[in-house]
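S.K.: Quick one: this structure, given as structure tokens, is what I'll be asking you about.
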Amino acid sequence: MGLVKDGIYKRVEYAIENVWDICSIINTDLGEGIPHEEINIPNNLIRVGIIDQTVGAKLKVMKGFRNRYGDIDDRIAFKTLKNHLRDFKDFIDQIEDFLKKG
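All residue numbers for the sequence shown refer to numbering that gives the first Met the number 0, where the first residue is 0 and numbers rise by one.
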């Protein structure tokens, strides 16, 4: 089960990295500047109306999960993933809305 579990964690980590890469690219393309800390990028996207505060807060939680996924209880991680996969869809929906407007 270790290999499967590691694969799942790696895929989640990769998905979170992709979300943050998208945020960083949009932030740069809009000329919002580079925040002192990467964790503040969602604040720029919220300020200009690309994502709402709920999604912005979820992005910060995702970042925290990605940075510590090796140190968390597997049962808690499974429950968190099961209950928050929709967060990726919410992010995608808001980015798609932004792209349609542009």
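Where is the CB? At the ideal position from N, CA and C, for every residue including glycine.
Below 7 Å CB to CB, which residues in the same chain sit around Val54 once its five sequence neighbours on both sides are set aside?
M.R.: Asp89, Phe90 and Gln93
S.K.: In terms of residue numbering, what span does the alpha helix (DSSP H) encompassing Glu16 cover?
M.R.: First-last of the alpha helix (DSSP H) with Glu16: Gly1 to Asp28.
S.K.: Where does Gly63 fall in DSSP's three states?
M.R.: helix
S.K.: Secondary structure at Val54, three-state DSSP: helix, strand or coil?
M.R.: helix
S.K.: Under the three-state reduction of DSSP, which class applies to His35: helix, strand or coil?
M.R.: coil
S.K.: Could you tell me the alpha carbon to alpha carbon distance between Ile38 and Gly1, rounded to whole angstroms?
M.R.: 30 Å
S.K.: Would you kindly report the start and end of the unbroken alpha helix (DSSP H) that includes Leu98?
M.R.: Arg85 to Lys100
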